[in-house]
Amino acid sequence: MCEQPSSKPPWFKRTIIRPANDFEREAVTHAQRVLRCDTTGEMDEATVSHLRGIQSLFGLRVTGALDEPTAIQIERIRGYYAV
């Protein structure tokens, strides 16, 4: 059985609307890999759409931003799929 994360993942530091540095671009790239988006490191239209879908699926506030609750759910998904 996969462990369900309930705390902030180590790759996530703060809410990302537009990546401002290399660390944030890598966090977006990580989310894109898990969500099976093109790995651009940018919050492009496809990435935002996927984030909104995850937020809606898990009953989170639908913003399209990579926030902490969304990052936690991305880690939850990653536990089921090898990245």
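Heads up: the sequence shown begins at 1263 in our numbering, then just goes up one per residue. Idealized CB from N, CA, C, for every residue including glycine. Computed from a predicted model, the values in this text were never measured in an experiment.
Pair within 8 Å by beta-carbon distance, residue i and residue j
i: E1307; j: K1270; result: no
i: A1293; j: I1336; result: yes
i: I1316; j: T1302; result: no
Residues near residue i by beta carbon distance below 7 Å, same chain, minus five either side
i: H1312; result: L1297, C1299
Beta-ladder partner(s) of residue i, from DSSP
i: L1313; result: The partner list for L1313 (beta bridge, DSSP) is empty, contrary to what the question assumes.
i: L1328; result: I1278
As assigned by DSSP and simplified to three states, the class of residue i
i: L1322; result: coil
i: L1278; result: Sequence check: residue 1278 is Ile here, not Leu. I1278: strand per DSSP, three-state reduction.
i: T1301; result: coil
i: D1306; result: coil
Proximal residues to residue i (C-beta, below 6 Å), its chain only, five neighbours per side dropped
i: W1273; result: A1289, H1292
i: V1310; result: G1326
i: K1275; result: none
Beta-carbon contacts of residue i that lie in its chain and below 8 Å, excluding the five residues immediately before and after
i: S1318; result: V1324
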